[in-house]
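Working notes, structure below.
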Amino acid sequence: MAETLVWAAIPTSLPLPNRLRPSRTIAFTPSKASSPVRRGFRSTTATVDDRIKRFSDDGGNNNSNNGGRPRRVFFLDVNPICYKGSRPSLRSFAHWLSLFFSQVSLRDPVIAVLDGDKANEFRRQLLPSYKAHRRKILVPSSSSKTFSRSLGGGSPQIAELQIIDVLRKCNVPYVVKVDNYEADDVIATLVDQVLQKGFRVVIGSPDKDFKQLISTDVQIVMPMPEFGRWSFYTLKHYIAQYNCDPSSDLSLRCLVGDEADGVPGIQHLAPGFGRKTALKLLKKHGSLENLLSACAIRTVGKHYAQDALIKHADLLRKNFEVLRLRRDVDVHLEEDWLCERETCNDTDILSNFFKTLDGRLTYQRYVSS
Numbered sequence: 001m002a003e004t005l006v007w008a009a010i011p012t013s014l015p016l017p018n019r020l021r022p023s024r025t026i027a028f029t030p031s032k033a034s035s036p037v038r039r040g041f042r043s044t045t046a047t048v049d050d051r052i053k054r055f056s057d058d059g060g061n062n063n064s065n066n067g068g069r070p071r072r073v074f075f076l077d078v079n080p081i082c083y084k085g086s087r088p089s090l091r092s093f094a095h096w097l098s099l100f101f102s103q104v105s106l107r108d109p110v111i112a113v114l115d116g117d118k119a120n121e122f123r124r125q126l127l128p129s130y131k132a133h134r135r136k137i138l139v140p141s142s143s144s145k146t147f148s149r150s151l152g153g154g155s156p157q158i159a160e161l162q163i164i165d166v167l168r169k170c171n172v173p174y175v176v177k178v179d180n181y182e183a184d185d186v187i188a189t190l191v192d193q194v195l196q197k198g199f200r201v202v203i204g205s206p207d208k209d210f211k212q213l214i215s216t217d218v219q220i221v222m223p224m225p226e227f228g229r230w231s232f233y234t235l236k237h238y239i240a241q242y243n244c245d246p247s248s249d250l251s252l253r254c255l256v257g258d259e260a261d262g263v264p265g266i267q268h269l270a271p272g273f274g275r276k277t278a279l280k281l282l283k284k285h286g287s288l289e290n291l292l293s294a295c296a297i298r299t300v301g302k303h304y305a306q307d308a309l310i311k312h313a314d315l316l317r318k319n320f321e322v323l324r325l326r327r328d329v330d331v332h333l334e335e336d337w338l339c340e341r342e343t344c345n346d347t348d349i350l351s352n353f354f355k356t357l358d359g360r361l362t363y364q365r366y367v368s369s
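Right, here's the structure in full:
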């Protein structure tokens, strides 16, 4: 049975110093554990022109309140911003969090989400290479011995506890973590619930998986290390980049693969079948499901494309299951998650955290996830 925890700071079951105890902890008990049952593909339901017509490009602007409530809710995908390149780094987390609060979300509600324990397990059962290279961060410094003793040794949880504590002190009281699920799946599930309440959504993450969620009401804001800032990525940007609708994004990535996540495409198996060919076929057929159905009964393109689709149909379906964001996680949006965030503590808390890191993180040790 999957366990859902909504953390105010850190789990109360751990014997930690009083200054790090959470102000509130909520636990959801699922009635039934979700299983990675294969689901059908989703086809395009709106044209690109329809999406553009309805789109209002307000990326980067904090809108006024609607009926006394903020119009936008921000999700912060915590794990990816804890890396500098491929190296885990708490300083990277502090840097991007500081910019996120001061330049992006401001007083709008922020829901932070962490990967759950064994988050990649069901996807790795389908594809063992999935995120096989990712590493956790461990902080084994002399000044963290108190934490190590209270946790029964140098646990990888130490850095996570520090992250959660900083978020709590910056008035992000709810940090969501669901065992057996990645943060992406939790966010995708909660996004639907937020939209149903009439809010717009901004997802803070560099993860391109979220492009499949982009719509008139869902935007992404990405950390841009080369520019030292966060940058909004909207429906308008997606269409300009790919010349297709975001509803085809999942199908596109199934075809071309995702090297960063260890998901193979078919371009290496079928020379000539690259992104250009994939986009052309998807613009005509709309979705991977439609494309595979069509190639089973007639020729859909040049012979190399036709042969590749028929020969590697099982691989493409497996890619779909691995890359599809799940929206059935047993987590439920609470009304008080949508309150404005108080910002008065941000500067002091983050400044002190940077000073702590300067004195504590003399080196970092890594363990395989």
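Sequential numbering of the sequence shown, starting at 1, is according to the UniProt record's numbering.
Don't be surprised by glycine CBs; every beta carbon is placed ideally from N, CA and C.
Since the structure is predicted, the reported quantities are computational estimates derived from the model, not experimental observations.
query: The beta strand (DSSP E) with D261 in it runs from where to where?
result: Note, D261: premise wrong, no beta strand (DSSP E); not H, not E.
Q) Does DSSP put K84 in a helix, a strand or coil? A) strand
Quiz prompt | Three-way DSSP call (helix, strand, coil) for I163 in this model | solution = helix
query = What are the boundary residues of the alpha helix (DSSP H) that Q241 is part of?
reply = Judged by DSSP secondary structure, Q241 falls within the alpha helix (DSSP H) whose first and last residues are 235–242.
| task | Starting from I220, follow the beta strand (DSSP E) in both directions and report where the run begins and ends. | result | 218–224
One or two residues paired with I203 in a DSSP bridge: F75, I220
Top-ranked residue by Cα proximity to K355, from V166, G116, G85
Nearest C-alpha to K355: V166.
- Quickly, what does DSSP pair F232 with across the bridge? List them, please. V221
In the DSSP assignment, find the alpha helix (DSSP H) that holds K283 and state where it starts and stops.
-> If you look at K283, you'll find it in the alpha helix (DSSP H) that goes 275–285.
Q. Between I220, D179, F100, Q103, which lies nearest to L206 when the distance is taken from Cα to Cα?
A. A small correction: the amino acid at residue 206 is Pro; Leu does not occupy that position in the sequence shown. The shortest C-alpha separation from P206 is found at I220.
Worksheet item: Any beta-carbon of chain D closer than 8 Å to the one on K177?
Response: In the displayed structure, chain D is absent; only one protein chain is listed.
Nonlocal neighbours in the same chain, by C-beta distance under 8 Å from V194, ignoring five residues either side: V73, V201, L333, L338
message: Measuring alpha carbon to alpha carbon, tell me which residue in G262, Y238, L309, D307 is nearest P128.
response: Here the closest residue by C-alpha is G262.
Exercise. Could you check if P271 is buried or exposed, using at least 16 other CB atoms within 10 Å of its CB as the buried criterion?
Key: Exposed, by the Cβ-count rule.
Practice prompt. With DSSP as the reference, label N319 as helix, strand or coil.
Written response: Correct three-state label for N319: helix.
Note to self: I'd like to check one pair, R87 with V322: are the Cβ atoms closer than 8 Å?
What the structure shows: no
Touching by the beta-carbon criterion (3+ pairs, under 8 Å), the stretch 102–118 and the stretch 174–193:
yes
message = Less than 8 Å between the C-beta atoms of L282 and D209, yes or no?
response = no
*asked:* Taking 6 Å as the limit between beta carbons, can you name the residues of its chain near N352, skipping five residues before and five after?
replied: none
Counting C-beta neighbours from all protein chains within 10 Å, is the total for H268 16 or more, i.e. buried, or is it exposed? exposed
Worksheet entry | Whole-Å CB distance - D192 paired with R71, under 8 Å assumed | Not a contact, Cβ separation roughly 17 Å.
Query raised in the report: Since C170 and D346 are thought to touch, with beta carbons under 8 Å apart, how far apart are those beta carbons, to the nearest angstrom?
Result: 5 Å
Margin query: Once the 5 residues before and after I187 are set aside, which same chain residues still bring their CB inside 7 Å of it?
Written below: F75, D77, V113, I203
Cutoff 7 Å; reference Y238; Cβ partners in own chain excluding five residues on either side = K211, I214, P246
Report the CB separation of H265 from L255 in whole angstroms; it is logged as a contact under 8 Å.
This sequence places Gly at residue 265; His is not what is there. G265 to L255, Cβ: 6 Å. Contact.
* If you follow the alpha helix (DSSP H) that N290 is part of, which residue opens it and which one closes it? -> 288–295
At the level of alpha carbons, what is the spacing between D57 and Q162? Low confidence applies to D57: its pLDDT is 45, below 50, so where it sits in the model is not reliable, and the reading given next is rough at best. For D57 and Q162, the distance between alpha carbons rounds to 36 Å.
Checklist line | Distance between beta carbons of A313 and F273, contact taken as under 8 Å | finding: Incorrect: roughly 13 Å between the Cβ atoms, too far for contact.
**Report entry** Pick from N290, M224, E182, P223 that is closest to E121, judged by C-alpha positions
**Finding:** E182
Residue from E226, K197, S287 with nearest C-alpha to K84: E226
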